[in-house]
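Quick note on numbering: the sequence shown equals residues 11 to 152 in this note's numbering. Everything below concerns the one structure shown next.
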Amino acid sequence: MPRPSRPEQLRALAEVLDEIAVSQLPSDRVVAACGEPGPVPASVARDGGRQAVLCHRLGRRLRELVLYGDVAEARERASRLLDYHHWMVQQALNLAFTCNPDDRTEAARLHLNGLGAPADELRRLRDRIRAQADTEAADDAL
């Protein structure tokens with residue numbers, strides 16, 4: 011199998027990063043809902059479970075991409091940020107649906123308000139990779 015060109019690598023990475031960026035909003039909502047005062051609805055657990063599975067699948071797709079050099083480095087950065095995204099969803103669910111609630115767990119849960127700065131960083135990485143993919147595709151067309 012021939013090595014994919016740099017523009018092909020960038021396009022493939024950008025496509026997965028686009029999907030990850032779309033997945034962030036529902037995940038952010040799950041994490042924030044887990045931090046709301048009072049009982050957390052069971053629907054949040056179901057939504058969170060779906061988001062955790064999606065994070066896992068997107069991570070697998072990232073790892074399966076055939077990338078080299080700085081494009082592979084960008085994928086590794088994206089993978090670490092997606093792992094954080096996945097971890098936040100799981101931890102928020104663990105805090106919200108603990109079997110042994112206590113004051114410390116409740117205090118931690120009430121501090122949850124979304125995915126935070128790593129989600130912003132992942133979107134910025136996606137924007138940068140998408141711009142590079144578009145630029146290099148345009149350069150190849152000339």
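Beta carbons: idealized from backbone N, C-alpha and C, even for Gly.
Apart from sequence neighbours up to five positions away, the residues of its chain that approach E146 with a beta-carbon distance below 8 Å are R16, P17 and L20, ordered along the chain. The beta carbon of Q142 sits closer than 7 Å to those of L20, all from its chain and outside the five residues before and after it, given in chain order. With a 10 Å radius around the Cβ and a threshold of 16 neighbouring Cβ atoms, A24 comes out buried.
When rounded, the separation of the alpha-carbon atoms in S89 and G69 is 6 Å. Fewer than three Cβ pairs drawn from the stretch 73-86 and the stretch 102-112 lie within less than 8 Å of each other, which leaves the two stretches out of contact. In the three-state reduction of the DSSP assignment, H66 falls in the helix class, which pools H, G and I. About 5 Å separates the beta carbons of V99 and A62, which is inside the 8 Å limit, making them a contact pair.
With contacts defined as CB atoms closer than 8 Å, L103 and G58 qualify as a contacting pair.
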